Each structure stands twice: as C-alpha cells, then as structure tokens.
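**Student:** Okay, so the sequence shown: first residue is 110 according to the working numbering, each after it adds one.
All residues carry an ideal CB built from backbone N, CA and C; glycine is no exception.
Nothing here was measured: the structure is a model prediction, and the numbers come from that model.
Take this structure, written in structure tokens, and hold onto it; I'll ask about it next.
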Amino acid sequence: MNYQSVTKAGINFDGKTLVTNTHGTNEEPTSSQNNIRIAGLRWENVKVIQVKNMDKNEDLIIGNSLFANQIIELNYDQKNTHRTSSTAQCIKRLQQA
C-alpha cells in the first residue's frame, strides 16, 4: 500500500515486516485485519504492507496470491463478476448461461 493512501483507506497497523524493493531492504508496517472488495467480490483478513516506492496515483498493488485457488468469472456484457474455487461449479454456471 502506498504510504500516502494509508489515511484515506483507514488502515491500522499491527505489525512489521522486511520489504526489499527499489528503496533497498527496510522494515515496513503491516496491517493484518483488512477486508477488500472489488466488483462485488470480498476477501477478509488480508495482510497489507505499506511501501514508499509507489507513484502518487497508485494506492495498492495486489499480488496473484489474492486470487490463489480461485476462478474469477468476468462477464463484460452483464458487467458483473463471480468467484468460485470449484471448476465444476464454474462449468455448471457457464452451461446455464
């Protein structure tokens, strides 16, 4: 998370971790109890790490671990999303469409 966006996002830090990036290796604050909503999808207890090497127009970088073991359906025509962890459920939904 961009250090300039912390107040806007209402982040409360409860730990620290080492981060290696373009600013070298530094101890940075972490927040472990965060809920994230993106297009109707919701994740709970997501760990956020503050960093200082992001551009001013960037708020948060989301890694692929947020979507690990998930199938995210994006329906551009209906402008909605659906998340599942089951391939069978995904195939069933596609067959019903």
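Quick test of your reading: residue 121 and residue 128, contact by CB under 8 angstroms. State the CB separation rounded to the nearest angstrom.
**Tutor:** The residue labelled residue 121 in the question sits at position 12 within the sequence shown. The residue labelled residue 128 in the question sits at position 19 within the sequence shown. The Cβ separation is near 19 angstroms, so there is no contact.
**Student:** So what does residue 124 bridge to, in DSSP terms?
**Tutor:** The residue you call residue 124 lines up with position 15 of the sequence shown. According to DSSP, residue 124 shares a beta bridge with 139.
**Student:** Within 10 angstroms of the Cβ of residue 198, are there 16 or more other Cβ atoms? Answer buried if so, exposed if not.
**Tutor:** For the purposes of this step, residue 198 is taken as residue 89 along the sequence shown, with counting starting at 1. Burial call: exposed.
**Student:** For residue 150, name the three-state secondary structure that DSSP assigns.
**Tutor:** Taking the first residue of the sequence shown as position 1, residue 150 is located at position 41. If DSSP states are grouped into helix, strand and coil, residue 150 belongs with the strands.
**Student:** Starting from the C-beta of residue 162, find all residues in its chain whose C-beta is less than 6 angstroms away, skip the five residues before and the five after it, and write them out in chain order.
**Tutor:** The residue labelled residue 162 in the question sits at position 53 within the sequence shown. Only 130, 131 and 132 meet the Cβ criterion.
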